[in-house]
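A short write-up of the structure that comes next.
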Amino acid sequence: MILLLLLLSTGLSVAQPVLPDLSAVTQRGLNILSWHAPYDGIKSIAVQRSSDSVYNYTAIGYVKNVKKGNQAFIDGHPVPGNNWYRLYIVFNSDLTWYSNSIKLFVDSATLAARQAVLPPNDSLQKLLNTKKTERVVVTTTQKPGVDSTGQPKTNIVLSTIPDIEEINAYTYIRSQYVFTNPFTGHVNVELPDDFDRKILFSIDFFDQKNNRILQVPKVGEHSIIIDKRNFQRKGLYKFELKKNADILETGYITIY
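Residue numbers (my numbering): 748 to 1003.
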């Protein structure tokens, strides 16, 4: 009995990992999460999102760099209304841990008005630079200037877009005819106002290697919806909208 009590008391004395103090801010239509991880030995960090603070959390992406220090994640495809975020952390020892939860509210009008074609979240992570700063970026329950571990708050800065070939939020302008619906994720096609069924409108979609992956040989209505499941995987896709044999518009849509 004495040995058992000794083992139990020893186990209880082992320090649990310090939870990251998750902060969040919205910049230019992107929800940006930041935190400081004060420990090594992390296997993976999944970013989870829910429309409420307790249930229905789903993973929307994974942190690329899980090394000790400042970390961040961009959610370029938030839902209208409340967006609750938390981190699901797995250590090399297979211990699992959750961060605190934090909420960002996104107005539906903001999503509808966004003109840039955003790539999936995995591609957006390359735009992040992190640096230590004494300036408070967002307000949390902790004292100003530091997080729960005593580390300075992390300021997240979007890097300069260096090349048009980079997949990023600012390279491609949203089409007025073919675009991803920010509320459903499906692709909306809205033809010009002078739509005439006697004119043959068609659409071809291509992957990043310029392979045609989907064809709509005839658009028979002024407005149609293409289910995102037709694309089979997330990613950035090029499209060509043709009016008879002539290309009316070339652009990009995102499946996420």
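Ideal placement from N, C-alpha and C gives every residue a C-beta, glycine not left out. Remember, it's a predicted structure, so these values are computed and weren't measured experimentally.
Cβ-based neighbour list, residue i, same chain, cut-off 6 Å, excluding 5 preceding and 5 following
i	result
H824	Y1003
V969	Position check: residue 969 holds His in this sequence, whereas Val was assumed. Here the set comprises L938, F942.
N839	G788, K790
A806	A793, Q795
W831	S797, S800, S848, K850
L871	I821, G823
E987	D951, I994, T997
Beta-carbon proximity of residue i to residue j, cut-off 8 Å
i	j	result
F978	I994	no
Y924	L947	no
K815	A784	yes
K985	T997	yes
P867	K989	no
S846	W782	yes
Environment of residue i [buried if 16+ CB atoms lie within 10 Å]
i	result
A992	exposed
P964	exposed
G808	buried
Q955	exposed
D768	buried
L780	buried
T843	exposed
N803	exposed
Helix, strand or coil at residue i according to DSSP, with G and I counted as helix
i	result
N935	strand
N839	coil
I868	It should be noted that the sequence gives Asn, not Ile, for residue 868. Reduced to three states, the DSSP call for N868 is helix.
K850	strand
A992	coil
R980	coil
L858	helix
L780	strand
L874	helix
K975	helix
Nonlocal neighbours in the same chain, by C-beta distance under 8 Å from residue i, ignoring five residues either side
i	result
L858	G776, P825, P827, P929, F930
K890	Residue confidence is low: K890 scores 42 on pLDDT, short of 50, so the model does not pin down where it sits. Its coordinate-derived value is still stated next. Closer than 8 Å at the Cβ level, and outside the excluded window around K890, lies no residue.
Beta-carbon contacts of residue i that lie in its chain and below 7 Å, excluding the five residues immediately before and after
i	result
Q962	D951
Any contact of the stretch 835-843 with the stretch 781-798, i.e. 3+ C-beta pairs under 8 Å? yes
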